[in-house]
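Colleague: Residue numbers (the numbering used here): 979 to 1569.
Just so it is clear, CB atoms sit at the ideal spot from N, CA and C, and this is done for glycine as well.
Bear in mind the structure is a predicted one, so any value in this text is a computation, not a measurement.
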Amino acid sequence: MHILLIASAFNSLTQRAHAELREHGHTVGVEIAGDDESLRAAVCHHEPDLLVAPMLKSAVPEDIWTARTCLIVHPGPAGDRGPSSLDWAIHEQAGRWGVTVLQADAEMDAGDVWATETLVVAPVGKSDLYRNEVADAAMRALLSAVERFASGTYRPRAQRDIPEARRPHVRPYFSQERRRIHWDRDTTESVLCALRAADSQPGVLDELLGAEWFLYGGHREHELRGQPGELLATRAGAVCRATVDGAVWLPELRPRRRPGGSATFKLPAVTALGQLLPDLPEYPAPGYPNVADEDWSDIGYREEGGAGFLSFSFPGGAMSTRQCRCLLDAYRAACSRPTSVLVLGGNRDFFSNGIHLNVIEAAADPGEESWANIVAMNDLVEAVLLTTDRLVVSAVGGNAAAGGVLLALAADEVWCRAGAVLNPHYRLMGLHGSEYWTYTLPRRVGPETAERLMREAWPVGARTGQRMGLVDRLVACDPQRFRAEIAQMAVRLASSPSVDGRIAAKKAERERQEATKPLAAYRQEELAHMRRTFFDPDAPYHALRGAFVRKIPTEGTPAHLAGTGPGRRVIVGGPVVGGVAEVSAACYQRE
């Protein structure tokens, strides 16, 4: 079938639907929902067999859903209605939740049900839950619904015929008043629950150091104590704030937008507070390799049965200059350990999305910070490529993009959770790209496929990635099991009798490749392109970056998405900056 995805943004779930529907043999077009007329025009020109809305904040016009079947993915069980379904699930600490695929109707979330799936509500932030457990359930339900529609014989169930949906639960918008943290009386668990329910949108509005901020993230601190609401310490760019019975780490803040002011964006808490931040002690995490699981840190290391595990988890998957350098230091320390296998990553959710555009945008000189960040990212990737005394495995538990994909490809093997989505391209940000992609990507998929991946800029599902060579092993498990599955696989690999031979062959191959064309040559060629872009004030990258971090919406559907159906029109929408179609976070989101 030809399916048209209609969405408010090309967010993680829309990308995954795009990738997996194509894997199942369908042709897929995309329309970023703007006004009703543009949506009508898109439907007319695409002439889809089926409309699917993985993430849609506005109502589908009646004349569209009465003429064609339109399936809506709602992140709640049958009978749940309202715009804040996951917020309520986390707030109420529901143990299980659901995803429902229902038919568009006059009343929001009240249409006939095509499929529904249940999920476990993990104790993680809303965005992490959405990209993982919710997305897994959504794809099971959506693929089932599409198959039922294609059969031509299935009749969806009216909600009045479903026992749990007969008395619908209409939930109001989850306002900031409901999210408010009362530091003088809220427990650590209550604070963490509020933060999880607001991550990554809209954040929790709060007052701190005489200003209003939106708070993001949140991790429990086990030792530090202070007066409720007091700032106690810093760690890895985060600030620690006392609660009535403990403390929490706050990794990111966003200043509240002032009336008439420009849009604000998230930054590491220490960076955001700047000169407002009092003189606080830096409270480092326990040293490697004995970081206890309960002690929060953005980088950790442990060992098991001849395998080392260097894990990292950066908010939004973005890696600043500081984070790249810290991870490189940790990588070098891990390489000093007596292991034969080193696993890079292995946590649930994002692997990496490359350089930190928000930190760059906030810098006094974004060009200089861009350069520092990309050099630090290249140093990290280079260290992985030059590791010849052990096998390196990238364990990709969640989505990855741009330089983050290339960081993964620098390893000897890529083990990827089956639900992950990869975006190994840079052009939507007006960049040539680096991180040795001109070496590692053609090496894995061939030069023609590498060029197509960079040109088309489509998301790649994990299964497709395995078929084309981006992924070596698929790990079919739920997100909470990924770390344990990877550990078992890595320990088996480390104990394999063939591991020494593989390491020797790897070293010989690296020497052969170096004699053919040194890695330094790839680096020099790629970074020459990047440097010209970073220090050219008229380069599209600067406008694209600003639009991305501020989530400035575009008009229409980006050209690279609109033409995905055979024989369909290409919709060139949105402002064009320097000849590159502008794609901001509002239509191409990492989250």
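Look at the alpha carbon of residue 1106 and the alpha carbon of residue 988, and state the distance between them as a whole number of angstroms.
Modeller: Straight-line Cα distance between these residues: approximately 17 Å.
Colleague: Which same chain residues end up closer than 6 Å to residue 925 when comparing Cβ atoms and leaving out the 5 residues on each side of it in sequence?
Modeller: Absent from the model: residue 925. The displayed extent of the chain is 979 to 1569, so no value can be given.
Colleague: Between the region 1161 to 1168 and the region 1134 to 1146, do at least 3 Cβ pairs fall closer than 8 Å?
Modeller: No, because fewer than three Cβ pairs between the region 1161 to 1168 and the region 1134 to 1146 fall closer than 8 Å, the two stretches do not touch.
Colleague: Over what stretch of residues does the alpha helix (DSSP H) that includes residue 1004 continue unbroken?
Modeller: Here residue 1004 belongs to no alpha helix (DSSP H), and DSSP marks it neither H nor E.
Colleague: In the DSSP output, what is residue 1058 paired with across the bridge?
Modeller: Partner(s): 1147.
Colleague: Going by alpha carbons, who is nearest to residue 1406 out of 1421, 1021, 1396, 1437?
Modeller: The candidate whose alpha carbon is nearest that of residue 1406 is 1437.
Colleague: So does the region 1002 to 1012 actually touch the region 1149 to 1160, counting three or more Cβ pairs closer than 8 Å?
Modeller: Contact between the region 1002 to 1012 and the region 1149 to 1160 is absent, because fewer than three Cβ pairs lie under 8 Å.
Colleague: Would residue 992 be called buried (16 or more neighbouring beta carbons within 10 Å of its own) or exposed?
Modeller: The residue in question, residue 992, is buried, as its Cβ has 16 or more Cβ neighbours within 10 Å.
Colleague: If the criterion is Cβ atoms closer than 9 Å, does the pair residue 1190 and residue 1219 meet it?
Modeller: Going by C-beta atoms, residue 1190 is not nearer than 9 Å to residue 1219.
Colleague: How is the alpha helix (DSSP H) around residue 1501 delimited, first residue to last?
Modeller: Per DSSP, residue 1501 belongs to the alpha helix (DSSP H) from 1497 to 1512.
Colleague: State the DSSP-derived secondary structure class of residue 1407, mapped to helix, strand or coil.
Modeller: In this structure, residue 1407 counts as helix in the three-state DSSP scheme.
Colleague: Below 9 Å between beta carbons: does that hold for residue 1298 and residue 1333?
Modeller: Yes, the pair counts as a contact, with Cβ atoms nearer than the cut-off.
Colleague: Figure out for me which residue from 1217, 1221, 1086, 1194 has the closest Cα to the Cα of residue 1203.
Modeller: Looking at the Cα atoms, 1221 is the closest of the given residues.
Colleague: So for residue 1455, helix, strand or coil by DSSP?
Modeller: Coil, per DSSP.
Colleague: Mapping DSSP to helix, strand and coil, what is residue 1099?
Modeller: Here residue 1099 sits in coil by DSSP.
Colleague: Between residue 1193 and residue 1181, how many whole angstroms is the CB-CB distance? I'm expecting something under 8 Å.
Modeller: Contact flag correct, Cβ pair sits at about 6 Å.
Colleague: In the DSSP assignment, find the beta strand (DSSP E) that holds residue 1078 and state where it starts and stops.
Modeller: Here the beta strand (DSSP E) through residue 1078 covers 1074 to 1081.
Colleague: Find the nearest neighbour of residue 1123 within the set 1090, 1143, 1110, 1103, judged by alpha-carbon distance.
Modeller: Comparing Cα positions, the closest option is 1090.
Colleague: I'd like the span of the alpha helix (DSSP H) that includes residue 1167, first residue to last.
Modeller: Here the alpha helix (DSSP H) through residue 1167 covers 1166 to 1176.
Colleague: Beta-carbon separation of residue 1144 and residue 1057 under 9 Å?
Modeller: Yes, these two residues count as a Cβ contact at 9 Å.
Colleague: From the DSSP secondary-structure annotation, give me the bridge partner or partners of residue 1233.
Modeller: DSSP, once it has assigned bridges, lists 1191 as partnering residue 1233.
Colleague: Decide if residue 1559 is buried, meaning its Cβ has at least 16 other Cβ atoms within 10 Å, or exposed.
Modeller: The predicted model places residue 1559 with a pLDDT of 30, which falls under 50 and marks its position as unreliable, so this point remains unresolved.
Colleague: Could you please give the first and the last residue of the uninterrupted alpha helix (DSSP H) stretch that includes residue 1415?
Modeller: Here the alpha helix (DSSP H) through residue 1415 covers 1415 to 1423.
Colleague: Determine, using beta carbons only, whether residue 1114 comes closer than 9 Å to chain B.
Modeller: Note that chain B does not occur in the displayed structure, where there is just one protein chain.
Colleague: Bridge partners of residue 1285, per DSSP?
Modeller: Looking at the DSSP assignment, residue 1285 forms a beta bridge with 1282, 1319.
Colleague: Assuming residue 1052 contacts residue 1175 under a Cβ cut-off of 8 Å, what Cβ separation, rounded to an integer in Å, is found between them?
Modeller: That pair is no contact at about 18 Å.
Colleague: Quick test of the definition: if touching needs 3 or more C-beta pairs under 8 Å, does the region 1478 to 1495 touch the region 1336 to 1349?
Modeller: Short answer: they don't touch.
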